[in-house]
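Data block below; observations after.
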DNA sequence: CCCGATCGTCGATGCGCATCGATGATCCGG
DNA sequence: CCGGATCATCGATGCGCATCGACGATCGGG
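Chains as they are written, first to last, in this note's numbering: chain A, 1 to 350; chain B, 351 to 700.
Okay, structure coming up:
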């Protein structure tokens, strides 16, 4: 195992001083073309890579973004993977890396990675409505971006999909189809127990739309396939075509409907809240939570803060909810009395 | 934003020298109980955390494990999350962190994180049968553990679930139920295209068992629900009770069977290769790929290498495949002519 | 009661890099 | 043809920590 070359080795190889090598790499001082080339060649020849620790020590930046993730109790593994993926790629585009931190380190985890100078910024996913990490973040030396809108997040950098708008759009759509009762297949008790902030936000939006449209909502908390089946049976008990707002367990719900010979878009109206994977492909009428858009904007915010763009700092930011019509709802009586399925038209949240 | 305290600050606060603080933290030299307490209190009072970069620079260790993950084309997001979860917890238990690296950086990614001294070890997931990273790993200054068994991995640290054994066990089980033809719902073309090493290994095991038991295998590469349906129809075309080895798309397969009113364990025998999530709960007869066991052993290996346990180094290591009988296969004629369902008995791979 | 052996602590040094001030070289306008 | 400005480069310094050698204090055996 040969010792890794240092910038001093490169300097010797190129016949310049170590500081010149440093300036070639950072571009923070003008360097003649000739010197630049010589240094670049030396770097190649030695396959030099700068020592990250030394860089962090001398340069006061780590080129690392810490991401705090709820690994044990993910509401959706696929959704989480999309976030991780987008975060990592965005980081790499700026020559940064991603450090993984588990949510169960809690506030102490934030203090640790910040205190040890392990990162230049922290992203906290799945923040709760009342979250100890919010307060901790205020006192940290590195910027923190929250995915989610905590109740006491005044002045913090928060960013999320507009779950409240999604609740409104979904219920409004079903109301517009003439339904007076909507059954919501909602997050299970286990997810509720986590206190995720998006649940009350979605609920508030849905309830507001329900009041406005004089619709009754029936909430079902579904964790297992059994829960889903029960909820579906419950929805079917009422007379007429049932209306389902499916917020979780989409495959299970479709399965339950299929078992009962209920065809979405004919015998039942289904609008889903999707993570951007499953159901758009299946042509469901749905509102996507747009994980890619959210994560992209999170990283824009992160690098804005790192770069010190003061314009970037503070406040909550929402990615708007929009509905995509698919085959799981009947044509809207008002819109087009007897037209073909009008896929993929979008309707923004109010 | 107050400047972060350094070990020198702690030393001053405690009335000792900086080096004493360092020895208190590392325990590498005897320290009197009195001094230790004074220093510990000073650390608390200042909420001191050591600077990771400085530590890496002076101590030649980073307390970081790099994990290379195939984010874009995960065969299963859930399976991947389990690995990430186990890796992270194992790392934290040893006061290490996890750095995420995307697989599409390829061999260059390994060189980067090793060259920059970003980590003490690298874990590479989903290694291919012929993988450029294998050769690269040999020249690296940090140990690399591969999850998967590449063809040219001689002497490298490889570790994986025994997919070959799984292929054998699954086919043998179905053969033992009297089947002469087995339909395999296998990984889709997209997964094949990645060249993952586990596919040929599983295939080899299945084929060997098929030859031994004089069974004919029909392979179906299923990416979409449509592919699955076609495969199921194909399996049904033959006379008698069909036999299905389901290696991917388990929910889709179950759905397709349900649509066709084929009840697993009665009208069709189903044995699944599961990722440890879905199907055990559903009581399928299955072989689990044991992601938790695999990742645990990976991290044992990683820290063995970091600690310099020479006993740990080199060679491939397989987590054995075992079958768990569930309700998706009929009782075995030879075993018990007319007994109750014999759940949860295990059968090891040969 | 003295001497060698721990034991506990300190000061000095260097890890590899970024950055600052300084210096020599080159340029241009008057 | 000279002086100030610009350009390219160098040397020195310090970031915060781990580690090594040194040294005073304390202890036990003779």
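Built from N, CA and C at the ideal position, the CB exists for glycine as well.
Practice problem: Leaving aside the five residues before and after residue 559 of chain B along the sequence, list all residues of the same chain whose C-beta is less than 6 Å from its C-beta, in chain order. | Solution: Within the same chain, Cβ atoms closer than 6 Å to the Cβ of residue 559 of chain B are found at 518, 521, 522, the five residues on either side in sequence being excluded.
Quiz item: DSSP on residue 670 of chain B, reduced to helix/strand/coil?
Solution: Coil at residue 670 of chain B, not helix or strand.
Quiz item: CA-CA distance, residue 389 of chain B and residue 398 of chain B?
Solution: C-alpha of residue 389 of chain B to C-alpha of residue 398 of chain B: approximately 11 Å in a straight line.
Quiz item: Roughly how many angstroms separate the alpha carbons of residue 377 of chain B and residue 649 of chain B, rounded to a whole number?
Solution: Spanning the two alpha carbons is a distance of roughly 24 Å.
Quiz prompt | Limits of the unbroken alpha helix (DSSP H) element including residue 552 of chain B | solution = In the DSSP annotation of this structure, the continuous segment of the alpha helix (DSSP H) that includes residue 552 of chain B starts and ends at 548–563.
Quiz item: Which bits of chain B does residue 62 of chain A rub up against, with CB to CB less than 9 Å?
Solution: Going along chain B in sequence order, the residues near residue 62 of chain A (Cβ under 9 Å) are 402, 403.
Quiz item: Is the shortest distance between the beta-carbon of residue 112 of chain A and the beta-carbons of chain B less than 8 Å?
Solution: Proximity of residue 112 of chain A to chain B, defined by a Cβ-Cβ separation below 8 Å, is satisfied.
Quiz prompt | Local conformation of residue 248 of chain A per DSSP, three classes | solution = If DSSP states are grouped into helix, strand and coil, residue 248 of chain A belongs with coil.
Quiz prompt | Bridge-paired residues (DSSP) for residue 102 of chain A | solution = In the DSSP assignment, residue 102 of chain A is bridged to A:69.
Quiz item: So is residue 465 of chain B buried or exposed if we call it buried at 16+ other beta carbons inside 10 Å?
Solution: Residue 465 of chain B should be labelled buried.
Practice problem: For residue 116 of chain A, return the contacting residues in chain B, with the cut-off set at a CB-CB distance below 7 Å. | Solution: Here the neighbours are 399, 400, 401, 402.
Quiz item: Are residue 667 of chain B and residue 647 of chain B touching if we call contact CB-CB under 8 Å?
Solution: Result yes, Cβ atoms of residue 667 of chain B and residue 647 of chain B sit closer than 8 Å.
Quiz item: Is any beta-carbon of chain A found at less than 8 Å from that of residue 601 of chain B?
Solution: Yes - at least one Cβ of chain A is within 8 Å of the one on residue 601 of chain B.
Quiz item: For residue 133 of chain A versus residue 106 of chain A, is the C-beta spacing smaller than 8 Å?
Solution: The Cβ-Cβ distance between residue 133 of chain A and residue 106 of chain A falls below 8 Å.
Quiz prompt | Buried or exposed by the 16-neighbour rule on C-beta atoms within 10 Å, applied to residue 452 of chain B | solution = Buried, since its Cβ has 16 or more Cβ neighbours within 10 Å.
Quiz item: In chain B, what lies closer than 9 Å to residue 255 of chain A by C-beta?
Solution: For the C-beta of residue 255 of chain A, the chain B residues within less than 9 Å are, from N- to C-terminus, 601, 604, 605, 608.
Quiz item: Quick one: is residue 367 of chain B buried, meaning 16 or more other Cβ sit within 10 Å of its Cβ, or exposed?
Solution: Label assigned to residue 367 of chain B: exposed.
Quiz prompt | Within chain A, partners of residue 452 of chain B - CB distance below 8 Å | solution = What residue 452 of chain B touches in chain A: 85, 88, 89, 92.
Quiz prompt | CA-to-CA distance, residue 612 of chain B to residue 533 of chain B, given in whole angstroms | solution = Here the C-alpha atom of residue 533 of chain B lies approximately 15 Å from the C-alpha atom of residue 612 of chain B.
Quiz item: Buried or exposed: where does residue 605 of chain B fall if 16 or more other Cβ atoms within 10 Å of its Cβ makes it buried?
Solution: So residue 605 of chain B ends up on the buried side.
Practice problem: Could you check how far apart the C-beta atoms of residue 319 of chain A and residue 161 of chain A are, in whole angstroms? I think they sit under 8 Å. | Solution: Right, their Cβ atoms sit about 5 Å apart.
Exercise. Return the chain-ordered list of same chain residues with a C-beta closer than 7 Å to the C-beta of residue 303 of chain A, the five sequence neighbours on each side being excluded.
Key: Here the set comprises 94.
Self-check item: Per-residue contacts from residue 449 of chain B into chain A (C-beta, under 9 Å)
Solution: What residue 449 of chain B touches in chain A: 64, 97, 98, 99, 100.
Quiz prompt | Residues that residue 509 of chain B bridges to, as DSSP identifies them | solution = In DSSP, residue 509 of chain B forms a bridge with B:497, B:667.
Quiz item: Counting pairs of Cβ atoms below 8 Å between the stretch 569–583 of chain B and the stretch 493–507 of chain B, do you hit three or more?
Solution: By the Cβ criterion, the stretch 569–583 of chain B is not in contact with the stretch 493–507 of chain B, since fewer than three pairs of Cβ atoms, one from each stretch, lie closer than 8 Å.
Quiz item: Do residue 14 of chain A and residue 42 of chain A have their C-beta atoms within less than 8 Å of each other?
Solution: Yes. Within cutoff.
Quiz item: Hey, is the stretch 631–647 of chain B in contact with the stretch 616–623 of chain B, meaning 3+ C-beta pairs nearer than 8 Å?
Solution: They touch, by the three-pair rule.
Exercise. Classify residue 120 of chain A as helix, strand or coil using the three-state DSSP reduction.
Key: It is coil, neither helix nor strand.
Quiz item: Is the CB of residue 422 of chain B under 8 Å away from at least one CB in chain A?
Solution: Chain A contact via Cβ: present.
Quiz item: Quick one, are the C-beta atoms of residue 635 of chain B and residue 535 of chain B less than 8 Å apart?
Solution: No. Outside cutoff.
Quiz item: Looking at the structure shown, is residue 307 of chain A part of a helix, part of a strand, or coil, going by DSSP?
Solution: In the structure shown, the three-state DSSP call for residue 307 of chain A is coil.
Quiz item: When we look at the beta-carbon of residue 515 of chain B and count the other beta-carbons within 10 Å, is it buried (16 or more) or exposed?
Solution: In the assembly as shown, residue 515 of chain B is a buried residue. Its beta-carbon has 16 or more other beta-carbons within 10 Å.
Quiz item: Looking only at DSSP bridge pairs, what is residue 40 of chain A linked to?
Solution: Residue 40 of chain A pairs with nothing; no bridge assigned.
Practice problem: Output, in chain order, the set of chain A residues within a Cβ distance shorter than 8 Å of residue 431 of chain B. | Solution: The contacting residues are 71, 74, 77, 80, 81.
Quiz item: By Cβ distance, which residues of its chain are closer than 7 Å to residue 56 of chain A, with the 5 residues on each side in sequence left out?
Solution: Same-chain partners within the cutoff: 62, 117.
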